[in-house]
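Enquirer: Structure below; questions to follow.
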Amino acid sequence: MSEPHDSSAAIHGRPPARVDAPCELHLDWGGLGGFLLRSNCDLTASIGREAGGLLRPLPHAAPAMILTLACQPEVGVLPPDYCRFEHAIDPDRPEATFRLFGLHSEDELVLTAITAAALLIRCRLMNLRGEALHLHAAVVHKAGRTLLLAGESGAGKSTLTALLCNHGWRYLSDEDALLAGGIAHPLPRLLRMDAASADWLGLRSACTPFCGFFGERGWRWNGASAGYYADPAHVDAIVLLQRGDFPVVERSDPTPEEAAFRLLPLVQRERLGLAEEGEERARAAALRYNRQIPPALNRLLERVPVARLRYRLGGAPELLAQRFEELML
Amino acid sequence: MDDSISKGSYLLPEWVSSRRAEGRVLLYDADTGEIYYLDGSGPALWAAMRQMPVITLEGVVAAMVESFGDAAAAQIRSDLCELMEDLVERRLLLPLEPSP
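Protein chains in written order, with the working numbering: chain A, 1 to 329; chain B, 330 to 429.
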């Protein structure tokens, strides 16, 4: 195996370059129409590198959503790892503004852009369809079937997604599933995994390092981008990932009550109790989103079957990919 | 034991939903977005509370004693009082104000 490009500078990232005139990018992002991304930093190179061709430029389209990223000048002395953002999403208009403080790297800026896009798409889905679910799940597609791979951090979503995409599956997301009416909207970001997973899959030499929020380090692989599935897709099944020291890969079918029990904590929610006093309409929209989660999840579970997959990461990757397909396709 | 819990009447708020699996109950508070879990005796006590249009400590104890027998009454009352205090504090159980 060749050595990865593991320079300390690359791992720690570099700060984004400020620009005098706003940087504006018109993009097709999420299959819901054009996105206008504005920033006071130059996003062109970093978004292009991150998305690796996942984003389709829309130079003349009227934007369906407008996202503004504003890197704020630091006030006083900030701790070395300090980084936070505040956001304001207008619930009645498809617009959002994110203000970033203590930004250290382009990776943080791009991750913020993706987070902001996910929240804005979720808000737009709510306005278009009256319901939206933002689930902590990867999304993959093969042979006409789209699967959600749901699980807590460490369940192996990204690793399994990379494994499957290395075996002919198409990629929609490795982390966020934006759902409305049983349809998943893709979220264009590069697949990220830790060093151990990249090594196990033999993909580390094909990865580039990234430096995300709160010291998050890892490797991103643009191999999945080649099979990027850019359009919204009907979800055929939800796979609850349970990673452990299991001797065999095993599928079981949980009851709807068990499935809801496992999935509800994986739905991204608005933490209103922790929020500062915000604008009343935005708080009302957040509350509306929180309240429609249980019925929206119930409706999803009525139409989409759920399977539980117990597995162990290890051994030959191709055998796990083969067994996954036997059980899930 | 908190005297106000033993004398009060309570309702389960409409913004709290629950799911049960793996011997635990998940409570989802849509007003705050928070999730809580009940384990131990919590799931049985929660199930008994859900059966009641108006919840009182003695009402739940009576329902539980019917299932588990008199011998468990003291432990049930103690566990229930602790649970109800916790639920009230987190607004997962609403006190019914006495009519003026």
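Ideal Cβ placement from N, Cα and C applies to all residues, glycine included.
Keep in mind that this is a model prediction, so the values were computed, not measured.
#1: For the beta strand (DSSP E) containing N40 of chain A, list its first residue and its last residue.
#2: Under 7 Å Cβ-Cβ, which residues of chain A neighbour V368 of chain B?
#3: Under 8 Å between the Cβ atoms of V390 of chain B and L421 of chain B?
#4: My assumption, with CB atoms under 8 Å, is that H136 of chain A sits in contact with L266 of chain A. Please give the rounded CB distance.
#5: Pick from B:D360, B:S333 and B:S396: whose alpha carbon is nearest that of L374 of chain B?
#6: Count the C-beta pairs between the region 35-50 of chain A and the region 102-109 of chain A that are closer than 8 Å, then say yes if the count reaches three, no if not.
#7: Is D6 of chain A close to chain B, meaning its C-beta is less than 8 Å from at least one C-beta of that chain?
#8: Is the shortest distance between the beta-carbon of E131 of chain A and the beta-carbons of chain B less than 8 Å?
#9: Please confirm whether D415 of chain B has its beta-carbon closer than 8 Å to some beta-carbon of chain A.
#10: I think L240 of chain A touches P254 of chain A, with their Cβ atoms under 8 Å apart; what is that distance to the nearest whole Å?
#11: Is the Cβ-Cβ distance between V235 of chain A and L148 of chain A less than 8 Å?
#12: Under 9 Å between beta-carbons, which chain A residues line up against I364 of chain B? List them in chain order, please.
#13: Hey, could you find the ends of the alpha helix (DSSP H) L282 of chain A is sitting in?
#14: Decide if S252 of chain A is buried, meaning its Cβ has at least 16 other Cβ atoms within 10 Å, or exposed.
#15: So with CB distances below 7 Å, who are the chain A contacts of D399 of chain B?
#16: So L133 of chain A and L301 of chain A are in contact, right, with Cβ under 8 Å, and what is the actual spacing, rounded?
#17: Looking at chain A, is there any beta carbon in it that lies within less than 8 Å of the beta carbon of R348 of chain B?
#18: Tell me the rounded alpha-carbon separation between A233 of chain A and G388 of chain B.
#19: Name the chain A residues that come within less than 7 Å of A373 of chain B, Cβ to Cβ?
#20: Just to confirm, are W200 of chain A and L313 of chain A a CB contact at a threshold of 8 Å?
#21: Compare the beta carbon distance of L441 of chain B and R379 of chain B with 8 Å and say whether it is the shorter of the two.
Expert: Here's the rundown:
#1: First-last of the beta strand (DSSP E) with N40 of chain A: G34 to C41.
#2: First, the amino acid is wrong: residue 368 of chain B is Asp here, not Val. Those do not exist, as D368 of chain B stays about 13 Å from chain A at its closest Cβ, beyond 7 Å.
#3: no
#4: 4 Å
#5: B:S396
#6: yes
#7: Here the model assigns D6 of chain A a pLDDT of 43, short of 50, so the residue's position is not dependable and the matter cannot be decided.
#8: no
#9: no
#10: 7 Å
#11: yes
#12: L264, P265 and R269
#13: One detail in the question is off: residue 282 of chain A reads as Ala in this sequence, not Leu. Taken as a continuous stretch (DSSP letters only), the alpha helix (DSSP H) holding A282 of chain A covers E280 to R303.
#14: exposed
#15: Chain A residues near D399 of chain B: none, gap ~32 Å exceeds 7 Å.
#16: Wrong, their Cβ atoms sit about 11 Å apart, outside the cutoff.
#17: yes
#18: 50 Å
#19: Within 7 Å Cβ-Cβ: nothing; A373 of chain B doesn't reach chain A, min ~16 Å.
#20: yes
#21: Nothing can be reported for residue 441 of chain B, as the shown portion of chain B is limited to 330 through 429.
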